[in-house]
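Here is the structure we will look at.
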Amino acid sequence: MPVFPADSVHIRYAANVLREGGIAAFPTETVYGLGADVFNTDALARVFAVKRRPRFDPLIVHIAHRDTLDALVDFSVLTPPAQRRVALLAETFWPGPLTLVLPKLPRVPGLATAGLATVAIRFPDHPVALQLIGAMGENGAVAAPSANPFGYLSPTRAAHVAAQLGDQVPVILDGGPCRIGVESTVLDIGYGESGKADTPRILRPGGVTLEALREVIPTVEIVEIAAAGNVPSHDAQSSPGLLKSHYAPTTPLYLHSREEMRSLPKIPGHAYLYMEETVQKSAARLFDKLNALDHEGYTAIHAELAPEEGLGLAINDRLRRAAAKTGAGQDHR
Ligand code: AMP
Ligand code: MG
2 MPVFPADSVH
12 IRYAANVLRE
22 GGIAAFPTET
32 VYGLGADVFN
42 TDALARVFAV
52 KRRPRFDPLI
62 VHIAHRDTLD
72 ALVDFSVLTP
82 PAQRRVALLA
92 ETFWPGPLTL
102 VLPKLPRVPG
112 LATAGLATVA
122 IRFPDHPVAL
132 QLIGAMGENG
142 AVAAPSANPF
152 GYLSPTRAAH
162 VAAQLGDQVP
172 VILDGGPCRI
182 GVESTVLDIG
192 YGESGKADTP
202 RILRPGGVTL
212 EALREVIPTV
222 EIVEIAAAGN
232 VPSHDAQSSP
242 GLLKSHYAPT
252 TPLYLHSREE
262 MRSLPKIPGH
272 AYLYMEETVQ
282 KSAARLFDKL
292 NALDHEGYTA
302 IHAELAPEEG
312 LGLAINDRLR
322 RAAAKTGAGQ
332 DHR
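Take a look at the structure:
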């Protein structure tokens, strides 16, 4: 198995692999990423191939210095208020689990952005990720989707990556379990291009909460979160990541409110996944627990939904997309 401890020797090794056009998996504070040099289109193509990710689903570009934004983003397209929003958000939430969708410079390959005029950028809060990206040289950047096969649960441990993609990835850096455990919040900065309001919008809830964003920018909106496995998101085209079914286990998954969960009859062969005492802990363990239950031979998994606030929005978003394949799951007993 290509799993190595994330010490400086192996980080340098992984950086060499990336610089030579290869791919490498590495930890971040959200989930494990499958990285490639953003400027190497062959390497980007390899990421899509290994994940079996459709090319219409763009990647997040990871940076290790704020100044690298200037090498990727066309700030001249942004209105002055949008420029101020970027500065404020970067100052407040970076490094951290916030991805900003910004107008791209021509030098950012269209493969990384699925042909969109925008590029999604994040400055991760993890020493291994930052050392790896930093080793790519000045203005180096690493395009990295989550290191899982497309549509499956995201990996929060090196062992998840090894089990899912281990035969196709030459190096997996093991930095232990991910602290946050759900993916970054994806925020479209809003810059008033034709047909769109000059309003920042959350395209995917994640590690930075709506409430925290609104403390800094009160006008932040959130696009309708995919409802419990029935309606396709109306935004699926402008943000391809908003797919109705995603992050899904193989075992049928049914969702329940806290009260429903307490009154469910316990069926042999079914698993029951409860929220933890804090929402942070629930998020940190969500994918790990789903992943484990998915491999334990159950015929169904029942999961408790989180309260619809704070990190609970990200948890429930992942749970609903994970249950979407199961069908009219929510009312199942
Ligand atoms: P992943 O890295 O696999 O967790 O997924 C990346 C997420 O970022 C997906 O939801 C993408 O649709 C979203 N994303 C990446 N680039 C863009 C972009 N230019 N515009 C809108 N969403 C994006
Ligand atoms: Mg993903």
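Under this note's numbering, residues 2 to 334 are what the sequence shown spells out, in order.
Quick reminder that beta carbons are idealized off the backbone N, C-alpha and C, glycines included.
All of these numbers come straight from a predicted model, not from anything done at the bench.
Within 10 Å of its beta-carbon, does residue i have 16 or more other beta-carbons around it, so buried, or fewer, so exposed?
i    : result
N300 : In the sequence under discussion, the amino acid at residue 300 is Thr, which differs from the Asn named in the question. Burial call: exposed.
T327 : buried
E30  : buried
Y275 : exposed
E184 : buried
F49  : buried
G191 : buried
E1   : The first residue shown for the chain is 2 and the last is 334, placing residue 1 beyond what the model contains.
D8   : exposed
K52  : buried
L89  : exposed
D289 : buried
I302 : buried
T251 : exposed
R108 : exposed
R67  : exposed
What's the gap between the Cα of residue i and the Cα of residue j?
i    : j    : result
G111 : L103 : 14 Å
M2   : F151 : 21 Å
T69  : H257 : 44 Å
E270 : N292 : According to the sequence shown, residue 270 is Gly rather than Glu. Their Cα atoms are separated by approximately 16 Å.
F27  : R158 : 10 Å
L294 : A272 : 7 Å
T114 : V74  : 12 Å
V129 : R123 : 15 Å
T80  : D58  : 26 Å
L117 : Q84  : 20 Å
V120 : V39  : 11 Å
V10  : E260 : 50 Å
L45  : C179 : 24 Å
V170 : I24  : 7 Å
L106 : A72  : 8 Å
G177 : A160 : 9 Å
G230 : P55  : In this predicted model, G230 has a pLDDT of only 39, less than 50, meaning its place in the structure is not dependable enough to derive any value.
F5   : D189 : 35 Å
G196 : L174 : Legend: pLDDT at G196 = 49, less than 50; position of this residue unreliable, value from coordinates given subsequently. So the alpha carbons of these two residues sit roughly 43 Å apart.
P308 : V224 : 18 Å
Q132 : S264 : 48 Å
R86  : S77  : 14 Å
R47  : E21  : 13 Å
E278 : T210 : 18 Å
E310 : Y153 : 25 Å
A164 : I218 : 41 Å
L19  : D168 : 17 Å
P82  : N140 : 25 Å
So what does DSSP say about residue i, is it helix, strand or coil?
i    : result
P82  : helix
E216 : helix
I223 : strand
D175 : strand
H11  : helix
E92  : helix
D168 : coil
R319 : helix
E261 : helix
G34  : strand
H303 : strand
P55  : coil
E107 : Sequence check: residue 107 is Pro here, not Glu. The answer is coil: DSSP assigns P107 none of H, G, I, E or B.
H296 : coil
P269 : coil
A25  : strand
V209 : coil
S147 : strand
L99  : strand
Given residue i, which residues of its chain have a CB within under 7 Å of its CB, disregarding the five upstream and five downstream residues?
i    : result
A148 : A26, Y33, G34, L35, P156, V162 and L166
T200 : G191, T220 and E222
R319 : V183, Y248 and L287
Please return the same chain residues whose Cβ sits closer than 6 Å to the Cβ of residue i, not counting the five positions on each side in sequence.
i    : result
H126 : For clarity, residue 126 is Asp in the given sequence; the question names His instead. Counting only Cβ-Cβ distances below 6 Å, and skipping sequence neighbours, we find E30, P96 and G97.
T100 : I61, A121, R123, S185 and V187
M262 : E305
Please work out which residues of its chain come closer than 8 Å, Cβ to Cβ, to residue i, disregarding the five sequence neighbours upstream and downstream, and give them in chain order.
i    : result
T42  : P110 and L112
A285 : T157, P178, C179, R180, I181 and G182
E297 : A272
V280 : A307, P308, G311, L312, G313 and I316
Do three or more CB pairs link the stretch 143-159 to the stretch 59-71 at distances below 8 Å? Yes, they touch.
Is there contact between the stretch 132-141 and the stretch 6-25, where contact requires at least three CB pairs shorter than 8 Å? Touching, per the Cβ criterion.
Take every Cβ of the stretch 196-212, pair it with every Cβ of the stretch 298-316, and state whether three or more of those distances are shorter than 8 Å. A contact between stretches requires three or more CB pairs, one per stretch, nearer than 8 Å, and the stretch 196-212 meets this requirement with the stretch 298-316.
For the stretch 207-222 and the stretch 89-96, state whether three or more C-beta atom pairs, one from each stretch, are separated by less than 8 Å. Segments in contact, yes.
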